[in-house]
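Visitor: Residue numbers (the numbering used here): -13 to 295. Note that CB positions come from ideal geometry on N, CA and C, so glycine has one too.
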């Protein structure tokens, strides 16, 4: 079957009746998603940044499998993975219990930021900063954030936070004969991320616990435990991995996320004048690395202050 057309995703089959929606660099989805025929129903994993991009996920399920999605899962609470929830109406939306709590906690603050004045000012600031960057690596992070701001502005009148309405703790077996599971190994990218795994086909939708070619954001989670979570993902022995951002990858390529996290933690313990670990050199000077290093160094300071108290 030919891949469905979309302005927001490049759809790629990665297994029988399993399609990855890889976010287009010019679209409004921002994050990767999945559309899967479970047998008992059609599932969408992560709904993207806007209801418009999420609508493509709904219609793609219908085109591919002859049925609209009947179940949705959010890997974590960040807006680029949940703002599309509104497009699914009364469909059950699953997440970890903590993900739902966090989205409800931050909803007032996130909603307050969704004004045209605020978003236009943020976009202008990002474009100004990007114009001052000299290297391709430095510009890359700004391009992603500018894409996010433009997506928000284009869909501003439609954006409404719709939290998950069904929750689990560590494991949920999805309906149908495929044996697909939602799994959570605790804090990593956020306080309670979820992945979707197909044990028989060895397919993994990893959410932002794994990224490829894109800086993983560390400031909402626990980077030390994140390394443990990556260990758990590797023990699943997936053969194909859909990261939260970036192309479909092999299990060996998950190591790049591990190396990056370990590199940031190592750099946070060293003097600021020390050379960055090799795993970080290709991202040196970028906005994402700057934020991650600050976050990790602040954690080191807090830990040392606590030990002295």
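Excluding five sequence neighbours on each side, which residues of the same chain lie with their C-beta closer than 7 Å to the C-beta of residue 178?
Guide: Locating residue 178 in the chain shown gives position 192, where the first residue counts as 1. Only 82, 84, 85, 170 and 172 meet the Cβ criterion.
Visitor: Quick check: the Cα distance between residue 156 and residue 94, rounded to an integer number of angstroms?
Guide: Residue numbering aside, residue 156 sits at position 170 when the chain shown is read from its first letter. Residue numbering aside, residue 94 sits at position 108 when the chain shown is read from its first letter. Residue 156 and residue 94: Cα-Cα distance of roughly 27 Å.
Visitor: Report yes if the C-beta distance between residue 32 and residue 61 is below 8 Å; otherwise report no.
Guide: Counting from one through the chain shown, the residue named residue 32 turns up at place 46. Counting from one through the chain shown, the residue named residue 61 turns up at place 75. The answer is yes: Cβ separation under 8 Å.
Visitor: Would you tell me roughly how many angstroms separate the C-alpha atoms of residue 20 and residue 192, rounded to the nearest one?
Guide: For the purposes of this step, residue 20 is taken as the residue at position 34 of the chain shown. For the purposes of this step, residue 192 is taken as the residue at position 206 of the chain shown. Their backbone Cα atoms lie some 11 Å apart in a straight line.
Visitor: Go through its chain and collect everything with a Cβ distance to residue 218's Cβ below 7 Å, but skip five positions before and after it.
Guide: Walking along the chain shown from the start, residue 218 turns up at place 232. Closer than 7 Å at the Cβ level, and outside the excluded window around residue 218, lie 171.
Visitor: What does the alpha-carbon distance come out to for the pair residue 205 and residue 174?
Guide: In the chain shown, residue 205 corresponds to position 219, counting from 1. In the chain shown, residue 174 corresponds to position 188, counting from 1. Roughly 10 Å between the two C-alpha positions.
Visitor: Cβ of residue 63 within 8 Å of Cβ of residue 89?
Guide: Residue mapping note: residue 63 aligns to position 77 of the chain shown, counting from 1. Residue mapping note: residue 89 aligns to position 103 of the chain shown, counting from 1. Contact flag set, yes.
Visitor: When the Cα of residue 242 is compared with those of 57, 195, 71 and 79, which residue comes out closest?
Guide: On the chain shown, residue 242 is found 256 positions in, with the first residue counted as 1. Ranking the options by Cα distance to residue 242, first place goes to 195.
Visitor: When the Cα atoms are used, what is the spatial distance from residue 275 to residue 266?
Guide: Translated into the one-based positions of the chain shown, residue 275 becomes position 289. Translated into the one-based positions of the chain shown, residue 266 becomes position 280. Roughly 8 Å between the two C-alpha positions.
Visitor: For residue 187, which of 154, 0, 115 and 7 has the nearest alpha-carbon?
Guide: Position 201 of the chain shown, counted from the first residue, corresponds to residue 187. When only C-alpha atoms are compared, the closest one is 0.
Visitor: If you draw a straight line from the alpha carbon of residue 116 to that of residue 165, how long is it in whole angstroms?
Guide: Start at 1 with the first residue of the chain shown, and residue 116 comes out as number 130. Start at 1 with the first residue of the chain shown, and residue 165 comes out as number 179. Near 46 Å, if we compare the C-alpha coordinates of residue 165 and residue 116.
Visitor: From the DSSP output, in three-state form, read off residue 37 for me.
Guide: In the chain shown, the residue the question calls residue 37 occupies position 51. Taken through DSSP and simplified to helix, strand or coil, residue 37 comes out as helix.
Visitor: Just to confirm the assignment, what range does the alpha helix (DSSP H) spanning residue 9 have?
Guide: Residue mapping note: residue 9 aligns to position 23 of the chain shown, counting from 1. From DSSP, residue 9 is part of no alpha helix (DSSP H) but of the beta strand (DSSP E) over 4 to 9.
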